[in-house]
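Presented below is the structure to which this report refers.
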Amino acid sequence: MFANLMSHKQIRQLELIDYVLNHPQVFVSFADLKKEFDISDRVLRRDIKEILDLCKNQLEINIIQELVSIQFKRIANYNEVFRMFARDSIAFKLFDDIIFQRFDDVTHLFDQYYISRSTGYRYLNTLNEFFASQGIQVEINTNPLTLTGNEIDVRALIPNFLTMYYHVDECPFQMFSLPLIHRIFQAIASRFTYVGIFSNNRSFYYQIASNLDRTLRGHLVQSDQWQLDQSYWGFSEHTQDYPTDLIHVLEEVGLEPTNDTIEQLLVGICNNQVIVNATHLNLRMEQDEAFGYQVIDFYNQLDHIAQKYNIQHLTLREKNLVAVIGYNLMAVYVMPPNIFTMNQRHAEGNSLDVFDELNPAFFNDVKDIMHQFLRHFGADTKMNETSSILFYVISYWPDLVMQLSKHRVEPNILIFLENSAAGQQFRHFLQSTSLHQAHIHVVSNPVECSEFATRDWDIVISDHELPQMRTRYFIGVDTLLPTNEHIDKVNRLVKQLRFPHELNRK
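First residue of the sequence shown: 1, per UniProt numbering; consecutive thereafter.
Structure representation (structure tokens):
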């Protein structure tokens, strides 16, 4: 969605990166790229240089004469690259400044980026047109410089923008260290078992940081809006019954570990409420007590499922299904009007088939809870088909869809070819595919290879028979260069590693 705010040049450069990364050959010719993107040699070389300057820590770009290759560095991915392009965009920078109220006057805002008033107003109009085109009831006003709009829309918009624009450990809220945020997370997870699913989710950590910041600044959820019974959280009025670590870590940041403080953190997380300097935002309040109760009840029911099925023994797909449902509670309330009219074939194309092998009893329990929750908002009649439920649940968070469709196992692959150049070619070819997250080791010396014999490998690729190697899969090679057949075979094996067929447990 936010890519629509990029300039034409930025979009072309992102498409160029994607094209080279997904090209079947490691190196792509300049002639091919000029033809594909209908650009001159001068523009192509300028684009490559700008990409290299902007993403030098995320991408490895090699140029040999009239050939270019692009690979991700270490754990970098498309999200990291997109973030770098976003930070280089005036539209994104302006919106970030407006969110955090860094300027009260548009003139000072425009002066920050050395742009004229006419250019600055054009950017602001572009942002407002973007919101309108996406059906987001949010608008930038210039007198005073602030956001106005529907509170629910602001809540849905800002977290998406912030998590795309910043890393958690550099979030613009009051500076809480990532280890401290992690300790708070672990303390909360000790009460809500299923919350542990979010341990690798930056956005969840981001919400904890923002909730702490908001609480310290006095921007609290009004108690008369929620009126949440303490019994929903399972905490008594005595602090000694709170998770001990949560008491300590809240005291470290200057917060008294009372029912109200803990409720602020939990309600904020449940409600996706990441609003900074809320007193400066002209928001139309549309919360209601019934929704607050339903959110808490829904989370407690999910926790009951996590304990019933022992969350530690759920498969990755089952964990992610719970995570997606829990993480999209706010999306239920900001449901797009066309969400249930999506073409069935389109829904099937969104990795819905990965649910086919879920534990049936587990899935039915989750589905029943989803029905109960939606019934309070008149959506139950529209949620009869399983595919509609699944498509609805996963539609808001593509990164979680990726977790459903691709297990984040990083397979260990050993390539032993006596021709060292051929080994490196195999490595580059594998890394140019979706396997860039794999740990790939290349050796050409038999002595060096013997040193790896004591390790456990997922896949070994070699032109020698290696019976002494401890590996799950072996691929024999009799050619100097990798072929598509080799790569397809590796991809199939990695898919088996990522989706082990052990999901039909009763």
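Here a beta-carbon is modelled for each residue, glycine too, at the ideal position from N, C-alpha and C.
My assumption, with CB atoms under 8 angstroms, is that residue i sits in contact with residue j. Please give the rounded CB distance.
i       : j       : result
Ile-64  : Ile-90  : About 35 angstroms separates the two Cβ atoms, so there is no contact after all.
Asp-88  : Leu-54  : 6 angstroms
Ile-188 : Tyr-205 : That belief does not hold up - the Cβ atoms of Ile-188 and Tyr-205 are roughly 11 angstroms apart, past 8 angstroms.
Ser-462 : Leu-417 : 7 angstroms
Gln-13  : Ile-51  : 6 angstroms
Ile-208 : Ile-247 : That belief does not hold up - the Cβ atoms of Ile-208 and Ile-247 are roughly 16 angstroms apart, past 8 angstroms.
His-486 : Ile-475 : 7 angstroms
Arg-472 : Asp-458 : 5 angstroms
Ile-413 : Ala-438 : 5 angstroms
Phe-37  : Gln-58  : Phe-37 to Gln-58, Cβ: 21 angstroms. No contact.
Leu-124 : Ile-99  : Contact flag wrong, Cβ pair sits at about 13 angstroms.
Asp-96  : Tyr-165 : 6 angstroms
Phe-30  : Glu-66  : 5 angstroms
Val-106 : Thr-142 : 5 angstroms
For a test of the three-state rule: what should DSSP assign to residue i, helix, strand or coil?
i           : result
Glu-66      : coil
Glu-256     : coil
Leu-147     : strand
Phe-416     : strand
His-428     : helix
Glu-139     : strand
Ile-339     : Note that Ile-339 scores 33 on pLDDT, short of 50, meaning its location in the model is unreliable and no value can be drawn from it.
Asp-18      : helix
Gln-101     : coil
residue 525 : Lying before the first or after the last residue shown, residue 525 is absent from the chain, which here runs from 1 to 506.
Ile-48      : helix
Ser-462     : strand
His-248     : helix
His-439     : strand
Tyr-121     : helix
His-23      : coil
Tyr-166     : coil
Thr-483     : coil
Met-6       : coil
Val-401     : In this predicted model, Val-401 has a pLDDT of only 35, less than 50, meaning its place in the structure is not dependable enough to derive any value.
Glu-286     : Here the model assigns Glu-286 a pLDDT of 38, short of 50, so the residue's position is not dependable, and the following value carries that caveat. Here Glu-286 sits in coil by DSSP.
Ile-208     : helix
Ile-90      : helix
Ser-133     : helix
Ile-11      : helix
Ser-40      : coil
Asn-128     : helix
Pro-411     : coil
Quick one: is residue i buried, meaning 16 or more other Cβ sit within 10 Å of its Cβ, or exposed?
i           : result
Gln-468     : exposed
Ser-133     : exposed
Arg-122     : exposed
His-108     : exposed
Ser-69      : buried
Asn-419     : exposed
residue 513 : Coverage of the chain is limited to positions 1 through 506, which leaves residue 513 absent and any answer about it impossible.
Ala-421     : exposed
Gly-254     : exposed
Gly-135     : exposed
Pro-144     : exposed
Asp-111     : exposed
Leu-94      : buried
Asp-47      : buried
His-8       : exposed
Pro-411     : buried
Pro-257     : buried
Ala-86      : buried
Val-138     : buried
Arg-102     : exposed
Arg-117     : exposed
Arg-470     : exposed
Arg-427     : buried
Phe-377     : Note on Phe-377: pLDDT 49, under 50, position unreliable in the model; the coordinate value appears next. The residue is exposed, with fewer than 16 neighbouring Cβ atoms inside 10 Å.
Val-447     : exposed
Going by DSSP, what residues sit across from residue i in a beta bridge?
i           : result
Arg-470     : Asp-456
residue 536 : Missing from the structure shown is residue 536; the chain here goes from 1 to 506 and no further.
Ser-29      : Leu-67
Ile-475     : Ile-461
Would the beta-carbon of residue i be found less than 7 angstroms away from any heavy atom of the ligand GDP?
i      : result
Phe-27 : This structure simply doesn't include the ligand GDP, nor any ligand for that matter.
Any contact of the region 438-448 with the region 39-55, i.e. 3+ C-beta pairs under 8 angstroms?
no
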